[in-house]
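Remarks on the structure that follows.
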């Protein structure tokens with residue numbers, strides 16, 4: 001499998017905030033002429049949300065899902081000085097440097113399974129992905145899926161990998177079931193988890209996982225209260241995911257049990 005790469009752009013214009021996002025992302029234009037959904041390092045969860053977004057999105061892409069292109073987005077110190085909204089101006093000031101952005105899918109609409117019922121394989125694949133990366137944010141209230149050109153796209157993985165917010169007992173958490181899967185928007189249709197489990201474990205080799213984790217820049221891996229080096233932190237992310245893939249039957253069984261209760 002080809003090693004993933006991310007382009008780097010410079011943000012040139014703040015277009016509009018997306019206030020439905022808790023971290024106040026925004027649509028912005030970059031120096032390549034494209035529009036992006038910009039995720040800010042100065043938002044509430046800081047760089048850890050960007051790390052989860054990057055790793056979760058690129059794992060999804062490796063597994064064959066459609067995910068908007070991710071780019072590193074540089075924010076200059078002068079950017080946003082004329083922004084009249086104080087909250088946004090503070091966010092921009094706190095986000096100078098390297099941020100993360102997703103290619104803006106103009107005209108995309110929120111996926112609605114009442115309109116387009118998912119097939120069992122697709123539902124099972126998405127449930128497996130979210131159980132792997134412990135994504136708490138794919139519920140009926142907020143599906144974080146879009147329909148664009150009649151195809152399903154996955155977005156917003158910043159709430160994944162929540163073990164890194166405490167960084168305690170990560171080995172135990174890697175082998176734990178994912179109880180929040182009971183709220184997954186596609187759980188009721190996910191009847192082929194065992195088949196998907198076999199397919200996806202063959203794709204997510206340690207080499208693939210480590211090539212994705214290697215994308216996380218050093219700049220995002222210096223945390224208050226943690227003296228580990230960037231390489232040591234990347235190694236924990238990789239080991240967490242490798243362990244979780246190897247022990248996938250634990251979260252597959254949890255999802256199957258939760259689906260039986262649901263249906």
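Numbering (the UniProt record's numbering), first residue to last: 1 to 263.
Note that CB positions come from ideal geometry on N, CA and C, so glycine has one too.
Could you check the C-alpha separation between residue i and residue j for me, to the nearest Å?
i: residue 80; j: residue 125; result: 40 angstroms
i: residue 248; j: residue 173; result: 12 angstroms
i: residue 155; j: residue 197; result: 22 angstroms
i: residue 176; j: residue 118; result: 27 angstroms
i: residue 195; j: residue 18; result: 38 angstroms
i: residue 106; j: residue 28; result: 12 angstroms
i: residue 238; j: residue 65; result: 21 angstroms
i: residue 6; j: residue 72; result: 7 angstroms
i: residue 221; j: residue 133; result: 19 angstroms
i: residue 218; j: residue 33; result: 27 angstroms
i: residue 223; j: residue 168; result: 14 angstroms
i: residue 78; j: residue 13; result: 11 angstroms
i: residue 243; j: residue 261; result: 27 angstroms
i: residue 211; j: residue 148; result: 28 angstroms
i: residue 10; j: residue 151; result: 29 angstroms
i: residue 47; j: residue 202; result: 30 angstroms
i: residue 207; j: residue 214; result: 10 angstroms
i: residue 31; j: residue 253; result: 47 angstroms
Can you name, in chain order, every residue of its own chain whose Cβ lies under 6 angstroms from the Cβ of residue i, other than the five neighbours on each side?
i: residue 163; result: 170 and 173
i: residue 123; result: 186, 189 and 190
i: residue 61; result: 67
i: residue 241; result: 209
i: residue 131; result: 178, 181, 251 and 255
Below 7 angstroms CB to CB, which residues in the same chain sit around residue i once its five sequence neighbours on both sides are set aside?
i: residue 183; result: 139
i: residue 135; result: 56, 157, 159 and 160
i: residue 143; result: 110, 111 and 185
i: residue 91; result: 24, 40, 42 and 43
i: residue 258; result: 181, 182 and 187
i: residue 146; result: 105, 108, 109, 110, 111, 153 and 155
i: residue 137; result: 144, 156 and 159
i: residue 94; result: 42
i: residue 200; result: 63 and 128
For residue i, which residues of its own chain have a beta-carbon under 8 angstroms away from its beta-carbon, when the five flanking residues on both sides are left out?
i: residue 39; result: 23, 25, 49, 50, 53, 99, 100, 101, 102 and 158
i: residue 120; result: 189, 190, 191 and 192
Since residue i and residue j are thought to touch, with beta carbons under 8 angstroms apart, how far apart are those beta carbons, to the nearest angstrom?
i: residue 256; j: residue 193; result: 6 angstroms
i: residue 96; j: residue 75; result: 5 angstroms
**Touching by the beta-carbon criterion (3+ pairs, under 8 angstroms), the segment 82 to 89 and the segment 231 to 241** = no
**Request:** Could you pull out every unbroken alpha helix (DSSP H) segment of at least 4 residues lying fully inside the segment 130 to 180, listed in chain order?
**Result:** 170 to 174
**Request:** Can you check the segment 20 to 76 for any alpha helix (DSSP H) of at least 4 residues that lies completely inside it and give the ranges in chain order?
**Result:** 46 to 62
**Prompt:** What are the start and end residues of each continuous alpha helix (DSSP H) run of 4 or more residues lying completely inside the segment 75 to 129, in chain order?
**Reply:** 86 to 93
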